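For reference, the structure is listed below as structure tokens.
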Amino acid sequence: MLEKVKGSLRIDGPEHDDELTGLIETAKALLKEAGVTQTKVNDDTDPLIRKAVITYCKAEFGTDEKAGEKFAWSFEEMKKLLSLLATYTTEPVL
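For the record, in the sequence shown the residue sitting at position 73 is 73 according to UniProt numbering, with numbers rising by one throughout.
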């Protein structure tokens, strides 16, 4: 996930890895708090989870205030959507 986030922010080097890793962890914790299952939160291949995490990172990482607000709003809307979808809030039965 870190490489996907770095790519979306157009960051090449490792100098921001710690900060970005923290933002990724925070985004995932917020999704879990909203009711998304741990299995889904940890699925870095899921396009909606990936998009939500990237959007959160764009909101929080060094963007201008107006862009940051737009990304923050978008993350909140994605979080609401994911919390309403059964495939994201119900653990699969094995």
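Ideal placement from N, C-alpha and C gives every residue a C-beta, glycine not left out. Predicted, not measured: the structure shown is a model, and the values here were computed from it.
CB-CB length for residue i against residue j, believed under 8 Å
| i | j | result |
| --- | --- | --- |
| G35 | S83 | 4 Å |
| D17 | L2 | 7 Å |
Neighbourhood of residue i by C-beta, 6 Å cutoff - its chain only, sequence neighbours within 5 removed
| i | result |
| --- | --- |
| Y88 | V36, K40 and L82 |
| T55 | F71, S74 and F75 |
Cβ shell of residue i (< 7 Å), same chain only, five flanking positions each side left out
| i | result |
| --- | --- |
| Q38 | K32 |
| K79 | L30, L31, A34 and A52 |
Reduced DSSP category for residue i - H, G, I as helix; E, B as strand; rest coil
| i | result |
| --- | --- |
| V5 | helix |
| L23 | helix |
| I49 | helix |
| T37 | coil |
Outcome for residue i when other beta-carbon atoms lying within 10 angstroms are tallied against a minimum of 16
| i | result |
| --- | --- |
| A52 | buried |
| A86 | exposed |
| V93 | exposed |
Within-8 Å CB hit, residue i to chain B
| i | result |
| --- | --- |
| D43 | No chain B appears in this structure, which consists of one protein chain only. |
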